[in-house]
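Enquirer:
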Amino acid sequence: MKALNTGHEGSLGTAHANSAGDMVERLVSMVMMSGMELPVPVIRRQIAAGVEILVHLSRDSTGKRKVEEIAEITGMENGEVCLRKIFSRDGRGCLVRQNGLLREEKLRRLQERRASGKNRLQKL
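For the sequence shown, the tail end lands on 130 under the working numbering, and the numbers increase by one without skipping.
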C-alpha cells in the first residue's frame with residue numbers, strides 16, 4: 007500500500023481473494039497483518055486512492071486461468087470502498103460488459119498517460 011500511495015503511477019500487484027469485492031477486504035487484512043498500526047477506515051481510504059482497477063481470475067476445470075470479473079474502484083461511501091463492475095461472467099460463462107467502460111475521468115487519465123509515453127505496457 008505504501009508504493010500505491012506515493013504519487014507514482016503504474017503499480018501492479020497480485021493477491022488471492024474470492025472476488026473483486028473480497029479483494030478490498032483482503033487488502034485491508036494484509037495491511038493489518040503487516041504490522042502497520044493504521045485504523046481500518048484509513049486503510050480503506052488508501053485503497054480507494056491507490057487502486058484503480060481489480061481483475062479477478064479463476065481457474066477452470068482444466069486449470070486454465072480466466073477472467074471472472076473486472077471492477078473499477080470509484081471512491082468511498084459511508085466508510086466503504088465503492089466498486090463498479092465493468093465486466094463479469096453471465097450464466098453461460100461468457101464475459102459480458104456490465105456498466106459500460108471506465109468512467110470518463112479515468113479514461114481521460116489513461117489517455118494522458120499514453121500520450122505522455124508513461125504507458126509502459128505498450129513496450130512489453
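We treat Cβ as the ideally placed atom computed from N, Cα and C, and that holds for glycine. In this text the structure is predicted, and so the values were computed from the model without any measurement.
Less than 8 angstroms between the beta carbons of M81 and A54, yes or no?
Expert: In the sequence as displayed, the identity of residue 81 is Gly instead of Met. Yes, they are a contact pair.
Enquirer: At 4 residues or longer, and completely inside the segment 27-111: list those alpha helix (DSSP H) runs for me, N to C.
Expert: 46-56
Enquirer: Would you grab the beta carbon distance between G78 and I92 for me? Rounded to a whole angstrom, and I think it's under 8 angstroms.
Expert: The residue asked about is misnamed: residue 78 is Glu in this sequence, not Gly. Yes, they are in contact, since the Cβ atoms of E78 and I92 sit about 6 angstroms apart, within 8 angstroms.
Enquirer: Is the distance from the Cβ of G27 to the Cβ of L89 below 8 angstroms?
Expert: yes
Enquirer: Can you tell me which of the three DSSP states L116 falls into?
Expert: helix
Enquirer: Going straight from the alpha carbon of G99 to that of A23, what length do you get?
Expert: 20 angstroms
Enquirer: Nearest-angstrom Cα distance between L113 and T20?
Expert: Rounded to the nearest whole angstrom, the CA to CA distance from L113 to T20 is 23 angstroms.
Enquirer: Under the rule that 16 or more other beta-carbon atoms within 10 Å means buried, what is Q52, buried or exposed?
Expert: buried
Enquirer: Near K72, which residues of its chain fall below 7 angstroms by C-beta distance, leaving aside the five closest residues on each side in sequence?
Expert: L63, S64, D66
Enquirer: Return the Cβ separation of S94 and V102 in integer angstroms, given the expectation that the two are a contact with Cβ distance under 8 angstroms.
Expert: 7 angstroms
Enquirer: Sort T68, R115, D96 by Cα distance to E75 and report the nearest one.
Expert: D96
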